[in-house]
Amino acid sequence: MSPVPEDQMLAPWKGLQGTLAGFFSAHARGLLASDFALLDPGGREVGWLRVHGPKGAELEAGNLTARIKRTAPRRYAMVAGGAQILSAETAGSPDAMQIRRAEHMYEASLGLLRNTAEAHLSTGDRVSRITGGFTNRRYEVAFDTDDASSLPVAIFLLYRLVALRRGAYRTGAEGG
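Numbering (the working numbering), first residue to last: 3 to 178.
So, in C-alpha cells, the structure goes:
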C-alpha cells in the first residue's frame with residue numbers, strides 16, 4: 003500500500019473545517035447515549051461522533067469517516083482513509099497529552115472537573131478549546147481555522163474528554 007498524499011488525506015478535513023468556520027457544538031443523542039450530533043454554527047447537523055469509551059470512537063461527517071483507536075495503554079491514533087491523521091500519548095497523567103499531527107506537536111490539557119480541554123502549539127498558540135456542560139451532554143468546540151490540523155485535534159480532544167468523564171461517572175457509580 004502506497005502512502006496517501008497529504009493534500010488528498012486532508013481534503014475532507016478542509017471541507018469540514020470550511021463548513022464549520024472555527025466552531026461547532028456536540029449534543030448527546032438520548033439520555034445515556036454515547037452518540038453525539040455535531041452541529042455547525044447555524045445549528046444544522048453535519049455529522050456524528052460515536053464514543054466507545056477508552057477503546058476509541060468513530061466520526062462521520064459528510065464524506066469524512068475517521069476512527070480513533072487505542073494503540074497501547076497510553077497511546078491513541080486517529081485513522082481516516084487508510085492513513086493515520088494523528089497520534090496521541092498521555093503525558094504522565096490521563097489529563098495531559100501530547101498530540102502529533104505531521105510535523106506539528108500539540109500539548110493538550112483536560113480539566114475533568116470543569117469539563118474543558120485545550121490544545122496549544124509549542125509556541126503557546128491555542129489551536130482548540132472544548133467546553134462542556136456539567137452533565138456531559140453538550141459541548142462547544144472552537145478551533146483555529148488557520149491551522150489545518152486543529153479540527154482533527156479538536157475532535158480527538160472532544161472524544162478524550164467525553165470518554166474520561168464517562169469513565170469517572172461509571173467508576174463513581176460503582177464505588178458508591
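Note that the Cβ used here is the ideal one computed from N, Cα and C, for glycine as well.
Query	Result
Compare the C-alpha of A165 against each of F38, F145, W15, P14 and name the closest.	F38
Can you give, in chain order, each stretch of the alpha helix (DSSP H) that sits fully within the segment 4-84 and has at least 4 residues?	8-22
Tell me R116's beta-bridge partners as DSSP assigns them.	None, per the DSSP bridge assignment.
Give me the DSSP bridge partner(s) of Y141.	A28, G134
Since S27 contacts E142 with CB under 8 Å, what's their CB separation in whole angstroms?	5 Å
Whose CA, out of T21, R116, L115, P96, lies closest to the CA of A63?	T21
Comparing C-alpha positions only, which one of R31, I101, T73 sits nearest to F158?	I101
Have a look at the DSSP bridge pairing and note the partners of I101.	A90, Y108
Express the C-alpha separation of R31 and A90 in angstroms, rounding to a whole number.	27 Å
Return the CA-CA distance between R167 and K16, expressed in angstroms with no decimal places.	29 Å
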